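Structure first, commentary second.
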Amino acid sequence: MSTKNNYTLDTFVADWHVRLTWIAFFTLWVLWGLVYFVRHAIGDTEKPTPAPQDPETAEKSKWKPEGGFHGRLANAHRVLFENTLLLLSVLVINTLGTASTRAVMILTWIYFAFTVVFAFSEVGVQHKFIRLVYSAVFYGITLAIGGLAFQQGW
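Residue numbers for the sequence shown follow the numbering used here, so the first one is 1073 and each next one is one higher.
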């Protein structure tokens, strides 16, 4: 097995910083799974819409806010799902390249913290500017992790 940066793949994976990196990923995965479960346990957000009725004969529908809790929970699920996959892809590149250890661990925990804050802020507040800022942060962090992987490992 080849050695890069004084690491084989076995010794790289055994490194404490790499272990903490994958613990952060698994914690994010657990949160994604929890929101996935809660979203389906509370109610189905993808129910078919009823056929339109004649407005004169239809009874007046009750007021229901747009988006509701189910829609916001679906947004939180989407954030956790997408960020979990983004993080997985760059962590696999970093691990297989036996690249950075401590820097990637720090970036991964920052990514995890921003993801948790953003996902649960999606439940409370929906704003395009907030989404833009968080998306730029996530993209920047994943680019940094991927850049470290290629600079130091591949």
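Backbone N, C-alpha and C fix where the C-beta goes; we use that ideal spot for every residue, glycine too. Since the model is a prediction, treat every value here as computed from it, not as a measurement.
DSSP three-state call for A1175: helix, strand or coil? helix
Looking at C-beta atoms only, is the number of pairs between the segment 1166 to 1177 and the segment 1139 to 1151 that lie closer than 8 Å three or more? No, the segment 1166 to 1177 is not in contact with the segment 1139 to 1151.
Quick check on N1166: buried or exposed, where buried means 16 or more other Cβ atoms within 10 Å of its Cβ? Answer is buried; the Cβ neighbour count reaches 16.
Apart from the five residues just before and just after G1169, which ones in its own chain have a Cβ nearer than 8 Å to its Cβ? So the list reads K1076, A1221, F1222, Q1224, G1225 and W1226, once near-sequence residues are dropped.
Using 8 Å for Cβ pairs, my map puts L1103 next to V1188. What's the rounded Cβ distance? Confirmed, Cβ separation roughly 7 Å.
From which residue to which residue does the alpha helix (DSSP H) around V1162 run? From DSSP, the alpha helix (DSSP H) with V1162 extends over G1140 to L1168.
Buried versus exposed call for V1090 [16 or more other C-beta atoms within 10 Å across all chains shown]: buried
Nearest to L1157 by CA position, among Y1211, D1082 and S1172, is which residue? Y1211
In whole angstroms, give me the CA-to-CA distance for N1155 and A1208. 12 Å
Between which two residues does the alpha helix (DSSP H) harbouring Q1224 extend? Looking at the DSSP string, the run of the alpha helix (DSSP H) that includes Q1224 is K1200 to Q1224.
Y1206 to F1186, Cα distance in whole Å? 8 Å
In terms of alpha-carbon separation, which member of L1152, V1164 and V1197 lies closest to G1105? Across the set L1152, V1164 and V1197, the C-alpha of L1152 shows the shortest separation from the C-alpha of G1105.
Alpha helix (DSSP H) containing G1115: first to last residue? Looking at the DSSP string, G1115 is not in any alpha helix (DSSP H), and its letter there is neither H nor E.
If L1204 and Y1183 are in contact, beta carbons under 8 Å, what's the gap, nearest whole angstrom? Actually they do not touch by this definition, with Cβ atoms about 17 Å apart.
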